[in-house]
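Take -6 as the starting number for the sequence shown in my numbering and just add one per residue.
The beta carbon of each residue, even a glycine, is placed where N, CA and C say it ideally should be.
Everything on this sheet refers to the single structure shown next.
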Amino acid sequence: MAVQIEKQLFTIADYYKMADSGILQPEDRLELINGEIIKKSPIKSRHASMVDLLNEMLVVALHKKALIRVQNPVRLDNYSEPEPDLAIVKKRLDRYSLRHPRPADILLIIEVAESSIYKDREVKAPLYAKAGIAEYWIVNIPDEQIEVYTQLSGEVYGQKEIVKGEGKAVCTGIFFELAMEDIF
């Protein structure tokens, strides 16, 4: 006989209360995904360097078109507030000081994967698709490629394109492109 295990899922309000009360510490490196508090992978040198490089390139490419948020939360629903490596969001006068970006604000999410590729593909891609994020990229450091997820169909991405070698990753939501030779 199988035993059903019930999980206690946390809302974003619960998550913030735990942080405010000291149960969760900033150095714990956590994020809330589907009501569960998930430990984030350590940031290794190659990962940090890639995030910095992409940020520099995006700031130049998207100057005055969008805001680039680096490892800051995005609120997808009441149970998920991940902290993607990069989120390209619509400009706002308050620069999201009053609230974190919601799905309608998000133009592109980029996760940089060195040791987190499984989580980025199997957990984050469905999470972002379910939230209605139109475009999601995984910058896959070990394989020197970008996985471009587009064409939302219900709660899944209908297309996954692998860009490598001499290719260019093109963001359709707010037009810009990244040449692979510039990042690998």
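- Annotation: the continuous alpha helix (DSSP H) that includes E49 extends over S38 to A54.
- Nearest neighbour of I30 by Cα position, chosen from S38, Q(-3), A6 and A118, turns out to be A6.
- Here Y142 carries a strand assignment [DSSP, helix/strand/coil].
- Burial state of D78 is buried, judged by a 10 Å Cβ sphere holding 16 or more other Cβ atoms.
- The beta carbon of E107 is closer than 6 Å to those of K37, R39, H40 and I134 in its chain, skipping five residues each way along the sequence.
- The beta carbon of S34 lies closer than 7 Å to those of S108 and S109 in the same chain, with the five residues before and after it left out.
- The three-state secondary structure of V116, taken from DSSP, is helix.
- Residue pairing by DSSP places K32 opposite L23 in a beta bridge.
- For I126, no beta strand (DSSP E) run applies, since DSSP gives it neither H nor E.
- Partner residues in the beta bridge of S73, as assigned by DSSP, are D70.
- If the five residues before and after K157 are omitted, its C-beta is found closer than 7 Å to the C-beta atoms of E137, Q138 and M173, all from its own chain and listed in chain order.
- The three-state reading of DSSP puts K157 in strand, counting E and B together.
- In the DSSP assignment, I176 falls within the unbroken alpha helix (DSSP H) covering M173 to I176.
- Relative to the Cα of A127, the nearest Cα in the group V(-4), L46, E148 and M11 belongs to E148.
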